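Following: one structure in structure tokens, then a few remarks.
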Amino acid sequence: MQALCVVNGSMQKVPEEWTEREREMERPVRSGGEEDRETLMMELTRLVQKTVKESSWWEKRGIDCSILAMAFISLPAAFLLLGSSQVVWFVLGLLVMGVAHAVITVKGTHLSSHGALSESAVWGQFWAIFFIEVCGSFTARAGVKAHVKMHHAHTNVIGLGDSSTWKVPFLPRIMYLFIAPLAVPIITPIVAVGQLKGQPLWAVVRTVVCVSLGVYSQYILLRCVSGLECGPALLVMLLSRAMFSLPYIHVNIFQHIGLPMFSPNRRPKRIYQMSHGVLNLPRNPLLDWTFGHSLINCHVEHHLFPSLSDNMCLKVKPIVSRYLKEKSLPYQEDSYLSRLSLFFHKYQELMVCAPPITELVGVQ
Ligand SMILES: [Zn+2]
1 MQALCVVNGS
11 MQKVPEEWTE
21 REREMERPVR
31 SGGEEDRETL
41 MMELTRLVQK
51 TVKESSWWEK
61 RGIDCSILAM
71 AFISLPAAFL
81 LLGSSQVVWF
91 VLGLLVMGVA
101 HAVITVKGTH
111 LSSHGALSES
121 AVWGQFWAIF
131 FIEVCGSFTA
141 RAGVKAHVKM
151 HHAHTNVIGL
161 GDSSTWKVPF
171 LPRIMYLFIA
181 PLAVPIITPI
191 VAVGQLKGQP
201 LWAVVRTVVC
211 VSLGVYSQYI
221 LLRCVSGLEC
231 GPALLVMLLS
241 RAMFSLPYIH
251 VNIFQHIGLP
261 MFSPNRRPKR
271 IYQMSHGVLN
281 LPRNPLLDWT
291 FGHSLINCHV
301 EHHLFPSLSD
311 NMCLKVKPIV
321 SRYLKEKSLP
331 YQEDSYLSRL
341 SLFFHKYQEL
351 MVCAPPITEL
361 VGVQ
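Each step along the sequence shown adds one to the number in the UniProt record's numbering, with nothing skipped, and position 52 is 52.
Shown next, in the form of structure tokens:
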């Protein structure tokens, strides 16, 4: 069978770099059919589980918990530095607070939403509420539903996990890519209030109390420990919370939008869905620490094995990449600047127009 790609119902030539992969992907279909396709994911899962079982607690959770703990431990120094009248120390304090905020609210909320910080379900729930609501100013129920139950379960499936919630088509590209993300700290709690509709009263009360507690405690510490007036304290809160907003929005759109999108009725098997619909960025020391490997250089591994911590995603990365390459499946990687350039130049096509549907002929 010739490798072909069906986009929006009509046969189209697949991109040059796909042709060989698509042809290769048909091998299991010819040799064994449905059973072979199922065993690919099972075989990879076995390989990954073997490594996980051989890993220590330190590797599985300790390293990531320590990074999160270090972010909290750095906060007293940040508050004290922000009280300095010397510009250099003040700016250093702002930087420390911004980095710590990103570690806690991006890496912390993401890992806790997947229950990757604890083996206990009760502690997992506690950490999700603490990181998402108290630190991230969002609702844990809506956050987990949108990220884990929709985006992960239906990655790149149109109308379900197609990343369309990140699109704001009425915004021009410069505004969307470089200016609007700075408003994320203000937009987040507003969106959270909208998400409270339809939730049980106890969940609404809990979210309002937790979000208020998080915002108010940062404000009161800036007033009392750093000695800032009301206006400067609010400005510091905005700047520290918006410091990583640009890469946060960028990363969320770079790793899925522009890749194959699937129809809800003809979705491919999981291993094809994730290998085609997810992309890894290269390692980046700052983003590896603040956002975590699962959102940066191990996003493919994270989508295949979402309950693994950042460090475990990094550990199984050679196994996953080798396996996908051996099976002639895509292992998609691109640089941050290359993706930024793509989204800048193809903004209309990628972020405004409806995405085309890809059908992987022979593997669905
Ligand atoms: Zn995730």
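Glycine is no exception: its CB is placed at the ideal position from the N, C-alpha and C atoms.
Note that the structure is a prediction, hence the values are computed from the model and not measured.
To the nearest angstrom, how far is the alpha carbon of residue i from that of residue j?
i, j, result
"Val184", "Leu221", "22 Å"
"Leu286", "Ser335", "15 Å"
"Pro356", "Ser240", "38 Å"
"Gln259", "Val144", "One detail in the question is off: residue 259 reads as Leu in this sequence, not Gln. If I take the Cα positions, the gap works out to 24 Å."
"Arg206", "Lys149", "21 Å"
"Val352", "Glu229", "42 Å"
"Gly83", "Glu119", "40 Å"
"Ser294", "Gln199", "29 Å"
"Leu40", "Val209", "46 Å"
"Val96", "Arg283", "21 Å"
"Ala128", "Ala142", "11 Å"
"Tyr248", "Glu326", "32 Å"
"Val6", "Gln49", "Its pLDDT being 41, under 50, Val6 is placed unreliably in this model, and the coordinates cannot settle the point."
"Gly136", "Ser113", "12 Å"
"Ser321", "Leu238", "39 Å"
"Thr358", "Gln332", "16 Å"
"Ala77", "Met70", "12 Å"
"Leu213", "His110", "20 Å"
"Lys53", "Leu324", "21 Å"
"Lys60", "Ala102", "21 Å"
"Ser163", "Ser341", "19 Å"
"Trp166", "Leu350", "11 Å"
"Met25", "Gln273", "The pLDDT assigned to Met25 is 40, lower than 50, so where the model puts this residue is not dependable; a value taken from the coordinates is nonetheless given after this. The alpha-carbon atoms of Met25 and Gln273 are separated by roughly 13 Å."
"Trp289", "Leu201", "36 Å"
"Val88", "Thr155", "44 Å"
Taking 9 Å as the threshold (C-beta atoms), are residue j and residue i in contact?
i, j, result
"Leu281", "His302", "no"
"Gly93", "Ser226", "yes"
"Thr188", "Phe138", "yes"
"Tyr219", "Ala233", "yes"
"Phe291", "Val99", "no"
"Phe79", "Ile104", "no"
"Val157", "Ser263", "yes"
"Ile319", "Leu75", "no"
"Val122", "Val211", "no"
"Arg173", "Phe305", "no"
"Leu177", "His256", "no"
"Leu68", "Leu117", "yes"
Ligand 1 and residue i: does any heavy atom of the ligand fall closer than 8 Å to the residue's C-beta?
i, result
"His256", "no"
"Pro260", "no"
"Ser321", "no"
"Ser113", "yes"
"Ser85", "no"
"Val148", "yes"
"His302", "yes"
"Ser294", "yes"
"Pro169", "no"
"His154", "no"
"Pro172", "no"
"His101", "no"
"His151", "yes"
"Pro247", "no"
"His276", "no"
If contacts are defined as beta-carbon pairs under 8 Å, then residue i and residue j qualify, I think. What distance do you get, rounded to the angstrom?
i, j, result
"Ile271", "Leu308", "Actually they are not in contact, since the Cβ atoms of Ile271 and Leu308 sit about 16 Å apart, beyond 8 Å."
Residue i CB to nearest chain B CB: under 9 Å?
i, result
"Pro181", "Among the protein chains of the structure shown there is no chain B, as only one such chain exists."
>> Just to confirm the assignment: which complete alpha helix (DSSP H) runs, minimum length 4, are found wholly within the stretch 209-241?
In response: none
> What runs of the alpha helix (DSSP H), each 4 residues or longer, lie entirely inside the stretch 37-110?
Replying inline: 63-73, 75-81 and 87-102
> What residue ranges within the stretch 281-364 form continuous beta strand (DSSP E) runs of no fewer than 3 residues, ordered along the chain?
Replying inline: 358-360
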